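The next block holds one structure in the form of structure tokens; read it before the comments.
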Amino acid sequence: MDQSTLAAQCIDAALAIILEKEPELAQLDSVAGDGDHGAGMARGFRAAAAADRTGTAGQVIAKAGMAFSDAAGGASGALVGMYLMTLGGGLQGDVTTAIQVHSALVKAQDALMKLGKAKLGDKTMLDTLIPFTEAFGAQAGAGATIPAAWGGALDAGRAGMESTKDMVAARGRSAVLKERSLGTQDPGATSVYYVLRAVGEVLQRECP
Amino acid sequence: MTKVFNNPVDFKEQMIKGFTAAYSRYVERIPNAAGVMVKGGPTPGKVSVLIGGGSGHYPLFCGLVGKGFAHGAVIGDIFTSPSGEQCYRCGKALDGGAGVVFSYGNYSGDVMNFGMAEMRLEMEGIDVRQVLVTDDVASSADFDSRRGVAGDFFVFKVLGASAWRGDNLDTVEAMGRHANAMTRSFGVAFGGCTIPGQPQPLFTVAQDKMELGLGIHGEPGVETSDLRSASEIAGLLVDKVLSDVPAGAGSKAVVLVNGLGATKYEEMFVMYGDIHKRLAAAGIDLYKPVVGELATSLNMEGCGLTLMWLDSDLQALLDYPTETPAWTNV
Chain A
1 MDQSTLAAQC IDAALAIILE KEPELAQLDS VAGDGDHGAG MARGFRAAAA
51 ADRTGTAGQV IAKAGMAFSD AAGGASGALV GMYLMTLGGG LQGDVTTAIQ
101 VHSALVKAQD ALMKLGKAKL GDKTMLDTLI PFTEAFGAQA GAGATIPAAW
151 GGALDAGRAG MESTKDMVAA RGRSAVLKER SLGTQDPGAT SVYYVLRAVG
201 EVLQRECP
Chain S
1001 MTKVFNNPVD FKEQMIKGFT AAYSRYVERI PNAAGVMVKG GPTPGKVSVL
1051 IGGGSGHYPL FCGLVGKGFA HGAVIGDIFT SPSGEQCYRC GKALDGGAGV
1101 VFSYGNYSGD VMNFGMAEMR LEMEGIDVRQ VLVTDDVASS ADFDSRRGVA
1151 GDFFVFKVLG ASAWRGDNLD TVEAMGRHAN AMTRSFGVAF GGCTIPGQPQ
1201 PLFTVAQDKM ELGLGIHGEP GVETSDLRSA SEIAGLLVDK VLSDVPAGAG
1251 SKAVVLVNGL GATKYEEMFV MYGDIHKRLA AAGIDLYKPV VGELATSLNM
1301 EGCGLTLMWL DSDLQALLDY PTETPAWTNV
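Here the protein sequences come in this chain order: A and S.
Here our numbering is used: position 32 in the first sequence is 32, and no number is missing along the way.
Here our numbering is used: position 145 in the second sequence is 1145, and no number is missing along the way.
Next up, the structure:
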């Protein structure tokens, strides 16, 4: 399978998992937010899956990011859209090593942090992404393939997602409600974990 | 309200179509964008004001577009900031050559998306300024971190009037910032709202309780209290707003008692009698009070009090003639 088809399949897998988990994400978001996180992510990934799929894998992901951003709106539209655009921009030409992917993941994470002004522990999607990316880097440095590094980093992402349950929101609308957000897992951290897991499954299946 | 829809996914687009069909005497659709502008578009050589945010707050934001008020509004999905792309398209359509002021309530999604649009427009040589509304006393002790609620109405009114009377970009921006600095709000909720297509409200409030310091996106209050009488609620709202009188405030203020959607005018009039007495007793010269629904949260049950303290600049801009779908004065 060529790389741009693989990238497109990853986006389709992300859409499928978000549609499946939409009620759960809505429930998590209604505790300290307005309950529409799942709907926003679904709107974004529907548009991302319908975007132009010509060019390299990086270009496919960047165009999906632009479409996501415009369709989803809100903070998550801006943030996830920016993440995908930067990730796509970081994946130049043929992607063969996990080191290349790690470098793009780091760039995308930096762009996300700059736009959202959040950090680790603020109860956001970064609490999944940062540990995931760090674990991915460790695997890549040890010579793992892309699917192996991705699969090996998922546990760290899951642990990060689960840690948001004990956090008090520091950014976004839920930050106003502070303690009300305690005890509930962050919807953004949750949806990002589901997407990473779904992408991992595609990579395992298609790049054995 | 939330029982009338076709496909919830398409709610915003259908809402815009109906709105522009009804009010074509004031507004027109911005081509290829999720937004509306004053009929005829921007005035060449004059500053334009673009307001916006998610839908679900009518008359915010599109109902306040017209002569003397905002030049345009960019419209997001229910309680969701419009995307950076849509803010950019609407901003570009509204530039009359003298710059554009973006104004909206301070929420992270709006800040990011309007911020991205500003960057793109600046690259194209369009001068953009941003005036964030931060009137909600309940949301933070730090003024600049507060969210925007019903105070949007007064800040947008001042910005729009300043632009329509021909002020330059620096002045329009300064007037808007001054209006925001002089505005304070506090609200209470008795019941949550339901997003179109959702089976239940975002939150519920027990029969004998009320939520203090609610948000206008169905965020519950920052604190729960026992439900009190209209007179006691009036006292609470006045105390909360007067606990944070802006520096440099004089004695004159415009007063708004705002309904969130399901609390009705008669209930608010009952409460207003007490609010009026209490504010007057606190030495405030009440200017043109308004009791109405100017910043709603779908069918949320609740209300709030907003004051903007006036000097001669703000009073003149507040009185500037306005013709919009939702607000016509003097």
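All residues carry an ideal CB built from backbone N, CA and C; glycine is no exception.
What you are looking at is a predicted structure, and each value in this text was computed from that prediction instead of being measured.
What does residue i pair with, by DSSP beta-bridge criteria?
| i | result |
| --- | --- |
| residue 1258 of chain S | S:1292, S:1304 |
| residue 999 of chain S | Outside the displayed span of chain S (1001 to 1330) sits residue 999 of chain S, for which this structure offers no information. |
| residue 1210 of chain S | S:1225 |
| residue 1323 of chain S | S:1067, S:1328 |
| residue 1253 of chain S | S:1286, S:1309 |
| residue 1104 of chain S | S:1132 |
Could you list which residues in chain S have their beta carbon closer than 8 Å to that of residue i, in chain order?
| i | result |
| --- | --- |
| residue 30 of chain A | 1202, 1203 |
| residue 35 of chain A | 1195, 1198, 1202, 1218 |
What number of angstroms, rounded off, separates the C-alpha of residue i from the C-alpha of residue j?
| i | j | result |
| --- | --- | --- |
| residue 35 of chain A | residue 1025 of chain S | 36 Å |
| residue 153 of chain A | residue 175 of chain A | 29 Å |
| residue 1284 of chain S | residue 1225 of chain S | 28 Å |
| residue 1316 of chain S | residue 1074 of chain S | 27 Å |
| residue 1019 of chain S | residue 1006 of chain S | 16 Å |
| residue 139 of chain A | residue 1110 of chain S | 37 Å |
| residue 116 of chain A | residue 1103 of chain S | 19 Å |
| residue 1298 of chain S | residue 47 of chain A | 26 Å |
| residue 1001 of chain S | residue 1160 of chain S | With a pLDDT of 47 at residue 1001 of chain S, under the threshold of 50, the modelled position of that residue is not reliable, and the figure given next carries that caveat. Cα-Cα distance, rounded: 29 Å. |
| residue 40 of chain A | residue 1145 of chain S | 24 Å |
| residue 1267 of chain S | residue 1257 of chain S | 11 Å |
| residue 1199 of chain S | residue 1301 of chain S | 17 Å |
| residue 1309 of chain S | residue 1205 of chain S | 33 Å |
| residue 1028 of chain S | residue 50 of chain A | 29 Å |
| residue 146 of chain A | residue 87 of chain A | 15 Å |
| residue 1287 of chain S | residue 1082 of chain S | 34 Å |
| residue 1099 of chain S | residue 1048 of chain S | 7 Å |
| residue 6 of chain A | residue 203 of chain A | 8 Å |
| residue 1136 of chain S | residue 1293 of chain S | 17 Å |
| residue 1328 of chain S | residue 1057 of chain S | 18 Å |
| residue 1278 of chain S | residue 1036 of chain S | 40 Å |
| residue 106 of chain A | residue 90 of chain A | 9 Å |
| residue 113 of chain A | residue 1290 of chain S | 42 Å |
Name the chain A residues whose beta carbon is nearer than 7 Å to that of residue i?
| i | result |
| --- | --- |
| residue 1116 of chain S | 78 |
| residue 1107 of chain S | 173 |
| residue 1147 of chain S | 176 |
Mind pulling the chain S residues with CB within less than 7 Å of residue i?
| i | result |
| --- | --- |
| residue 115 of chain A | 1112 |
What in chain S is Cβ-close to residue i, meaning under 9 Å?
| i | result |
| --- | --- |
| residue 40 of chain A | 1077, 1080 |
I want to verify the contact list: residues of chain A whose CB lies under 9 Å from the CB of residue i, in sequence order.
| i | result |
| --- | --- |
| residue 1215 of chain S | 34, 173, 176, 177 |
Under 9 Å (Cβ pairs) to chain A, residues found in the stretch 1081-1105 of chain S: 1081, 1082, 1083, 1084, 1085, 1086
Starting from the N-terminal side, write out each stretch of the beta strand (DSSP E) that is 3 residues or longer and does not extend beyond the stretch 1148-1191 of chain S. 1183-1191
Taking beta-carbon pairs under 9 Å, can you tell me which members of the stretch 48-81 of chain A lie near chain S? 66, 69, 70, 71, 72, 73, 74, 75, 76, 77, 78, 79, 81
Going residue by residue through the stretch 1014-1054 of chain S, where are the continuous beta strand (DSSP E) segments of at least 3 residues, counting only ones entirely within it? Every beta strand (DSSP E) of 3 residues or more that sits fully in the stretch 1014-1054 of chain S is shown, in chain order, as 1027-1029, 1035-1038.
Between the stretch 169-201 of chain A and chain S, which residues of the former have CB atoms less than 9 Å from a CB of the latter, in chain order? If the cut-off is 9 Å between Cβ atoms, the stretch 169-201 of chain A has 171, 172, 173, 174, 175, 176, 177, 178, 180 near chain S.
Tell me which residues of the stretch 1120-1143 of chain S have at least one Cβ-Cβ distance to chain A shorter than 9 Å, keeping chain order. 1136, 1138, 1139, 1140
Just to confirm the assignment: which complete alpha helix (DSSP H) runs, minimum length 4, are found wholly within the stretch 61-126 of chain A? If only complete runs of 4 or more residues are kept, the stretch 61-126 of chain A shows the alpha helix (DSSP H) at 74-90, 98-116, in order along the chain.
Short of 9 Å Cβ to Cβ, which residues in the stretch 1224-1237 of chain S face chain A? none
Restricting to runs no shorter than 4 residues, where is the alpha helix (DSSP H) found entirely within the stretch 12-59 of chain A? 37-50
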